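Read the structure below first, then the notes.
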Amino acid sequence: NAGVMQNPRHLVRRRGQEARLRCSPVKGHSHVYWYRQLPEEGLKFMVYLQKENIIDESGMPKERFSAEFPKEGPSILRIQQVVRGDSAAYFCASSPPGQGYGDTQYFGPGTRLTVL
Amino acid sequence: AQRVTQPEKLLSVFKGAPVELKCNYSYSGSPELFWYVQYSRQRLQLLLRHISRESIKGFTADLNKGETSFHLKKPFAQEEDSAMYYCAIDRGSTLGRLYFGRGTQLTVWP
Chain Y
1 NAGVMQNPRH
11 LVRRRGQEAR
21 LRCSPVKGHS
31 HVYWYRQLPE
41 EGLKFMVYLQ
51 KENIIDESGM
61 PKERFSAEFP
71 KEGPSILRIQ
81 QVVRGDSAAY
91 FCASSPPGQG
101 YGDTQYFGPG
111 TRLTVL
Chain X
1001 AQRVTQPEKL
1011 LSVFKGAPVE
1021 LKCNYSYSGS
1031 PELFWYVQYS
1041 RQRLQLLLRH
1051 ISRESIKGFT
1061 ADLNKGETSF
1071 HLKKPFAQEE
1081 DSAMYYCAID
1091 RGSTLGRLYF
1101 GRGTQLTVWP
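Chain order of the listed sequences is Y and X. Taking the numbering used here, the leading residue of the first sequence gets 1, the next gets one more, and so forth. Taking the numbering used here, the leading residue of the second sequence gets 1001, the next gets one more, and so forth.
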């Protein structure tokens, strides 16, 4: 079990480009969470997804950001028209089927996005 | 709003000394509390959770609802304990989102 996989590990984009971050959860896990970590800050919740459903996107910026977790394939966090303020580490976590709350979340290694 | 406060950004102790990493939270419900740890060049991983009431790697954490604290303690620190420690809270609702503190970097000197 390779754990949560994220790719790419490092992503460099110029302002105005699109960034696509991928997350493959632990095999058998149906809950996926995305967090963002700005420099010197803790992880901030962005979105919580189950297969084909967005459960809670209250932490997502209203514009330019979107997330999906299709029936097949990895979860994708998409940032359109990136700006310098989007530069951060983006972490994905997964947890097994269940109630969601109280379950241990298993984290990926993160994707470090740098916007030039 | 939910908030997790870790007042110490950096904490240094010598090997064998006791260590306490502070965590205070603000939430009026019945949250679930966690400590996550990130060792150098490794991914964030769960250290312990309140509901399990267990000791992991010699660390314990007690939930004090009166003081809304969940401090992490170890009586005798080891060099391999050097890492970044994050306190996190789950509101205990049907939503599984975690709220994290800013983290405390613990350094244990030989």
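From the three backbone atoms N, C-alpha and C, an ideal C-beta is built for every residue, glycine too. In this text the structure is predicted, and so the values were computed from the model without any measurement.
Simplified DSSP assignment, three categories, for residue i
i	result
SER30(Y)	coil
GLU1080(X)	helix
ARG1041(X)	coil
ARG84(Y)	helix
SER1055(X)	coil
Neighbour list for residue i in chain Y, Cβ cutoff strictly below 7 Å
i	result
LEU1046(X)	THR104
Interface residues of chain X facing residue i [CB-CB closer than 9 Å]
i	result
PRO122(Y)	Nothing in the structure corresponds to residue 122(Y), since chain Y is present only between 1 and 116.
Partner residues on chain Y for residue i, Cβ-Cβ distance less than 8 Å
i	result
TYR1039(X)	Going along chain Y, no residue has its Cβ under 8 Å from TYR1039(X), so there is no contact; the nearest lies around 12 Å.
TYR1086(X)	GLY42, LEU43
Within chain X, partners of residue i - CB distance below 8 Å
i	result
GLU41(Y)	ARG1102
GLY108(Y)	ARG1043
Beta-carbon neighbours of residue i, restricted to chain Y and to distances below 9 Å
i	result
LEU1098(X)	TYR33, TYR35, LEU43, PHE45, ALA93, GLN105
- Item | At least 3 beta-carbon pairs within less than 8 Å: the stretch 71-79 of chain Y vs the stretch 16-27 of chain Y | yes
- Okay, do the stretch 1061-1068 of chain X and the stretch 1001-1014 of chain X touch, 3+ Cβ pairs below 8 Å being the bar? no
- Using Cβ-Cβ distances below 9 Å, what residues of the stretch 1008-1041 of chain X are close to chain Y? Within the stretch 1008-1041 of chain X, the qualifying residues are LYS1009, GLU1032, PHE1034, TYR1036, GLN1038.
- Near-chain X residues of the stretch 19-49 of chain Y (beta-carbon distance less than 8 Å), N- to C-terminal order: HIS31, TYR33, TYR35, GLU40, GLU41, GLY42, LEU43, LYS44, PHE45, TYR48
- Report the residues of the stretch 48-71 of chain Y with a CB closer than 9 Å to any CB of chain X, ordered along the chain. Result list: TYR48, ILE55, ASP56, SER58, GLY59.
- Query: With contact counted as at least three CB pairs below 8 Å, one residue from each stretch, are the stretch 7-20 of chain Y and the stretch 80-100 of chain Y in contact?
  - Reply: Taking 8 Å as the limit for Cβ pairs, the verdict is that the stretch 80-100 of chain Y does touch the stretch 7-20 of chain Y.
- At 3 residues or longer, and completely inside the stretch 46-98 of chain Y: list those beta strand (DSSP E) runs for me, N to C. 53-56, 65-68, 75-79, 88-95
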